[in-house]
Amino acid sequence: MLSRLTARHSSLSQFTTVSNCATHPQHDGNVRIIHGARRKLTGSRLKPKPSTEVLRSPTALSHENRFAEGRKNEYGSSYVELTYVRNSDCAQDRPVKSLQDVKDDMARSASLTLREVSNLYPPLLEDAEHAANTLQLNPKFDGTTHDIPSRYLEDLPLDTLHRHFFAPVRHLVNGRAKVWRPYLFSLSLQALGADPDMFRPLMGGIELIHTGSLIVDDIQDGTSIRRGVPAVHTQWGIPTAINAGAAAYFAFHTAVQSIPGLTPEKMLGLMHIYFEMMRLGHIGQALDIAGQQRSLLSDIVAGRAGPDALEKSILAIHRLKTGVFSSHVAKMAALLANASAAQTQALADHWECVGIAHQILDDVEDIRRALPSQENQEQDDRARAVKRHSSDIQAGKINIPLARAGSLMPLSEAQWVWETVLNRPEDGTAIQRVFDLLESYEVIDGCISDARAMVRESWRHLDYYLPDSQAKDDLYALSWYMAEYKHV
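To convert, take the position in the sequence shown, counting from 1, and add 866; that gives this note's numbering.
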């Protein structure tokens, strides 16, 4: 099922062996870098340690060997890094991109984003004028609104307003957030030749949209911890959390208004993308809340639906809730950078795939982290371990690996898996049997490989439409990080 998601892009690029390309001289040593496939390397330029695998970045062939993905296993430990492959005859000399480099770049972007968040959601409200300016209630387009600050804010208790409107959102923003969507926005602007500094307020607005959705999601899902801190509704109560989470959605419009020189056409275009994104996201959330997994299960067992019906349904929700957000952030960048229609579509398609893949790998991680870490654990210990940690199964929720059982297992075994999960089992032994079945039919590994293949295929299509640059390299590195660097 997952492999079909990128079929429309599969004919747009072919696997290419670098050493067979006449315009790209051979590497010294025994290095062979295959476009889209892993190979053992022993060349002197990479100086790999034992058991090193390297996969080069699928960037344009005009500078084929810019950097490469590497996996290393040594001394019983493992880690992942991006390894630079320098060939002065066919590649521009750009900086090494290691895994730590990607993390550092994301951290710098997060710092900039949180600064913009603080402009939109300040640590305190100094006075009514400051509150009006923060909320963009001061007049900009129509002089008749000059009395809004005094009428709406002057006599209000600003400390109470801050405590119940701004503080709940700031509480969650200050948690352990990846803040990757604003980074995606900034890199997309750069890759398309635009200056991201001009549009930095939107980075804060984008992050606040996501934060607001998390606040509301936690209420709907009954989640008590988010980003390493107590969920907002557990600290401020459900009514305040609902209001604060929903209000955070409107910070994006405040950010748009704060950009100097933004034309009415660009503003209208941004808001059109924004509202489409919000509508689709709420549709996805409605379907997620509704569930309907039991009725689908009945249809599959009765033969009224195919064995992959559950998987298709969950993928549709992942697309609406996660894929749409990242794809529409990319569309915003494309609009501001005056990208062509083809560039915009390719960029949006790729980041939709990255968003879906990231969510699939989150589903996988939910299961994998529940597996016992020691192979020689006693059965009772293993059962207790999975009972503690499987959040989706504890919630009676079928995720992608569980849904995919319908396509890879005999229907009777898949039905047992689904019914066991939907009944929210408390028996750790039963949960362990679910995991054992998934592993025995290679369901989890298949989800991982297909999700990552989805991202690679969509990048090959996008690669054609982006000019070569460091920003393009960084955009690919972020894609790789989101789809590859998961503890699964």
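A virtual CB, placed ideally from N, CA and C, is assigned to each residue, including glycine. Predicted model, so just to flag it, every value in this text is computed and none were measured.
Other residues of its chain near residue i: CB distance less than 8 Å, five sequence neighbours each side excluded
| i | result |
| --- | --- |
| T1089 | D1083, A1097 |
| L1162 | A1171, A1175, L1176, S1179 |
| V1039 | L980, V983, Y987, E1073, L1074, T1077 |
| A1200 | S1054, L1058, Q1209, T1210, L1213, A1214 |
| I1264 | Q1159, L1176, I1180, D1258, W1284, V1287, L1288 |
| P1267 | D1229, V1230, I1233, L1304, V1309, I1310, C1313 |
| G1147 | S1079, L1186, K1187, V1190, F1191 |
| D1154 | I1183, K1187 |
Cutoff 6 Å; reference residue i; Cβ partners in own chain excluding five residues on either side
| i | result |
| --- | --- |
| H1274 | One point to set straight first is that residue 1274 is Leu, not His, in the sequence displayed. Y1307, V1309, listed in sequence order. |
| L1019 | A994, A997, A998 |
| E1218 | G1189, S1193 |
| G1221 | T1188, G1189, S1192 |
| G1150 | I1183, L1186, K1187 |
| S954 | Because S954 sits at a pLDDT of 35, beneath the cut-off of 50, its placement in the model cannot be relied upon, and the point is left open. |
Counted within 10 angstroms of its Cβ, other Cβ atoms place residue i as buried (16 or more) or exposed
| i | result |
| --- | --- |
| S910 | Confidence is the limiting factor: at S910 the pLDDT is only 31, short of 50, which leaves the residue's position unreliable and the question unanswerable from this model. |
| H1138 | exposed |
| E992 | exposed |
| R1270 | buried |
| Q1225 | buried |
| F1141 | exposed |
| Q966 | exposed |
| T1000 | buried |
| R1185 | buried |
| A1317 | buried |
| D1302 | exposed |
| I1297 | buried |
| E977 | One detail in the question is off: residue 977 reads as Ser in this sequence, not Glu. Under this definition S977 is an exposed residue. |
| G1094 | exposed |
| G1103 | exposed |
| T1120 | buried |
| Y1342 | buried |
| A1349 | buried |
| A1223 | buried |
| A1196 | buried |
Three-state secondary structure (DSSP) of residue i
| i | result |
| --- | --- |
| V1098 | helix |
| I1125 | coil |
| I1264 | coil |
| R1092 | strand |
| P1067 | helix |
| F1116 | coil |
| E1292 | coil |
| S964 | coil |
| D1021 | coil |
| R870 | Because the pLDDT of R870 is 47, which lies under 50, any placement of that residue in the model is unreliable, and the number read from its coordinates should be weighed accordingly. The answer is helix: DSSP assigns R870 an H, G or I state. |
| E992 | coil |
| P1333 | coil |
| K1132 | helix |
| Q1002 | coil |
| L1146 | helix |
| V1045 | coil |
| A973 | helix |
| S1206 | coil |
| G1059 | coil |
| P1276 | coil |
| P1034 | helix |
| P864 | Residue 864 cannot be examined here, being either before or after the span of the chain that is shown, 867 to 1354. |
| Q1211 | helix |
| D1228 | helix |
| Q1281 | helix |
Beta-carbon contacts of residue i that lie in its chain and below 7 Å, excluding the five residues immediately before and after
| i | result |
| --- | --- |
| T979 | V1045, P1048, M1069, G1070, E1073 |
| M1133 | V1122 |
| F1031 | A1110, A1113 |
| L1202 | L1055, A1060, F1065, K1132 |
| I1108 | V1082, I1085 |
| T1106 | H1030, P1034 |
| K913 | Reliability fails at K913, whose pLDDT of 34 lies under 50, so the model's placement of it is uncertain and no value is given. |
| G1127 | none |
| Y1115 | I1075, G1078, M1144 |
| T1100 | S1090 |
Among the options, the one whose alpha carbon lies nearest that of residue i
| i | options | result |
| --- | --- | --- |
| Y1347 | L1181, V1321, Q1336, L1332 | V1321 |
| L834 | A998, R1042, A1043 | It is not possible to answer for residue 834, since the shown part of the chain is limited to 867 through 1354. |
| T1129 | M1143, D1063, N1204 | N1204 |
| D1165 | S1257, L1277, E1350 | L1277 |
| A1207 | F1301, L1328, A1349 | L1328 |
| A1152 | D1087, G1169, T1100, A1168 | D1087 |
| Q1260 | G1272, R1290, M1144 | R1290 |
| H1028 | L1227, P989, E1323, F1051 | P989 |
| G1262 | G1157, A1319, L1022 | G1157 |
Near the ligand NAP: residue i beta-carbon under 6 Å from a heavy atom
| i | result |
| --- | --- |
| D1334 | Judged by which ligands are present, the structure shown has none, so any question about the ligand NAP falls away. |
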